[in-house]
Structure formats: C-alpha cells, structure tokens
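Visitor:
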Amino acid sequence: MTFDIITIFPNIFDSYFKESIIRRAQERKIVKINIRNLRDYTKDKHKTVDDKPYGGGPGMILKVEPIFKAVKNVRIVGDVGDVKKTSLTKTILLSAKGKKFDQKMAYRFSKLDRIILICGRYEGVDERVAQHIADEEISIGDYILTGGELPAMIVVDAISRLMPGVIKEDSLREETFSFKNKREKLEIKIEKEYPQYTRPEVFRGWRTPKTLLSGNHKKIEEWKKKHRG
1 MTFDIITIFP
11 NIFDSYFKES
21 IIRRAQERKI
31 VKINIRNLRD
41 YTKDKHKTVD
51 DKPYGGGPGM
61 ILKVEPIFKA
71 VKNVRIVGDV
81 GDVKKTSLTK
91 TILLSAKGKK
101 FDQKMAYRFS
111 KLDRIILICG
121 RYEGVDERVA
131 QHIADEEISI
141 GDYILTGGEL
151 PAMIVVDAIS
161 RLMPGVIKED
171 SLREETFSFK
181 NKREKLEIKI
191 EKEYPQYTRP
201 EVFRGWRTPK
211 TLLSGNHKKI
221 EEWKKKHRG
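Every letter in the sequence shown is one number past the one before it in full-length UniProt numbering, and letter 90, counting from 1, is 90.
(1) Might you give, ordered along the chain, the residues of its own chain that have their beta carbon closer than 7 angstroms to the beta carbon of D102, omitting 5 neighbours on each side?
(2) Label Q131 either buried or exposed according to how many other C-beta atoms from any shown protein chain fall within 10 Å of its C-beta, with 16 as the threshold for buried.
(3) Based on the DSSP secondary-structure assignment, which residues constitute the bridge partners of I5?
(4) With distance defined between alpha-carbon atoms, name the residue in R204, K225, P200 nearest to L213.
(5) Would you kindly report the start and end of the unbroken beta strand (DSSP E) that includes E137?
(6) Are the CB atoms of S110 and I22 nearer to each other than 7 angstroms?
(7) Going by the CB atoms, is the gap between R121 and I8 shorter than 7 angstroms?
(8) Note down the Cα distance separating W223 from V31, rounded to an integer number of angstroms.
(9) With distances taken from CA atoms, which of E149, L93, I144 is nearest S15?
(10) Taking the alpha-carbon positions, what's the L162 to I140 distance?
(11) Which residues does DSSP pair with K219 in a beta bridge?
(12) Around the C-beta of D126, are 16 or more other C-beta atoms found within 10 angstroms, so that it is buried, or is it exposed?
(13) With C-beta atoms as the reference, is R36 less than 7 angstroms away from I61?
(14) Taking V155 as the reference, which of I144, G165, I118 has the closest Cα?
(15) Looking at the structure shown, is R24 part of a helix, part of a strand, or coil, going by DSSP?
(16) With a CB to CB cut of under 6 angstroms and the five nearest residues on each side skipped, what residues in its chain are close to V74?
(17) Measure from the alpha carbon of K192 to the alpha carbon of each residue in G124, T42, V64, F68, then state which is nearest.
(18) Can you round the beta-carbon distance between A106 and A158 to whole angstroms, since I take them to be within the 8 angstroms contact cut?
(19) Which residue comes first and which comes last in the beta strand (DSSP E) that contains L94?
(20) If you drop the 5 nearest sequence neighbours on each side, which residues of the same chain put their C-beta closer than 6 angstroms to that of M1?
(21) Mapping the DSSP letters down to three states, classify L62 as helix, strand or coil.
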C-alpha cells in the first residue's frame, strides 16, 4: 500500500510516521508513505497555493491548479493528459463536509494499491477539486479542525493496521466497537459549508458558477444558502 499525502505543511507528519506500528510497517515495506508539498506544484515565485473566494467570504481557498498538478504527478496519466481514475488507486479529499470515515471504509480502502490524500487548509478547497479530481470526499467527524493533516494521519493509521503483516491477525479479530454508553445525550448541530471557488475562473473547462461572479450580493447569499451541505 502506498499513501501519497498532499499538504502545505509536510513537516507535520515527521514524528508520527517515524514511530511505533507505522514505522515498522514502512521498514517491512508493507506500507510506503510519500509526503508531497503542494507548493512544489506551483508556477509563481511566491509558490502561491491559495486565493480569495469568489463571491466574497472570510479566509482563503486552496487553488485547484496546484492540486491538479500534484495528483496528476502521482496518478497514471491518460493519453489526453487527464487524471486517469483506476480501480486500485483512489484520490481522497479530506473535508469537513465529506462522508464520515469509519472502520468499514478503512477495510474497503485497505484493498487498494495506492491512496492519494489531499489535505485541506484555510477556509477550504476549491470545489472543482471535489467535483473533478477526488474520487471521494471524507471527514473524520462532526467537528472542525484547522486542516486535513490530522485526518490524513488517522486515515493512514486505520488502514495501515489492516494490511497483512502489520498487526497479528488474532489481535484484529478481537477488536470491537461499543456504543452502549447513552447516559449523556448531547445534540450538536454542525452547519455544512457551501461550495467555494477561487481563481482561475475557468480551469480545464471547469467553470466557477456565474452567480458567484455576478457581484449581486443578494443572489450570492441565496446561492450559498441553497448549496450549503
């Protein structure tokens, strides 16, 4: 199993992946982990990976261009230069609005040969990444983190320990989940994000919605409300 993690903070992973079970899995060549700095796939001297969102809003959005280049660099490239999606390689966008990661999903992913993990940061990731580049969009829970690096570590850990030879089979068989403690009932409402876009307006024919470019604040707010979650 090969993991390729696309991030703007590559040094975050050093300590965790050099310890314990994950370290041994790499030493045994059961698992290979490549950390890829998103800034290496930019073309300007400032190595810009983010920009302001179309339609206004707080924070900055990770751009689609460098992410496309990073994924294309990892994946098998088709004849027309598009990112070719193969059954044994998946590109995963780590996002608060994605499908919740669980043990069943970990088992499914453990059957793959390669997983590319895209770590979000700042206010979010250009929606065209989820629409056209990622195979799946996943979240690790109903809470907000500052970026996708911690979720990436969790996903790598959960999948790696399922690979043959990483952990003894009898240990895996005895692992169970228990959700019997219902003494506390806490309802938390987390409002999902609306899709966000940043420059360029058009990338590889993938267009930003016209409403976000209109300058009509009322229509923009209506669009955001309609597409939230």
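All C-beta atoms in this analysis are idealised placements derived from N, C-alpha and C, irrespective of residue type, glycine included. Being a predicted model, the structure only gives us computed values, none of them experimental.
Guide: With the given structure in hand:
(1) none
(2) exposed
(3) I35, L117
(4) P200
(5) 136-139
(6) no
(7) yes
(8) 43 angstroms
(9) E149
(10) 18 angstroms
(11) Per DSSP, none; premise fails for K219.
(12) buried
(13) no
(14) I118
(15) helix
(16) D4, I116
(17) G124
(18) 4 angstroms
(19) 89-100
(20) V31, M163
(21) strand
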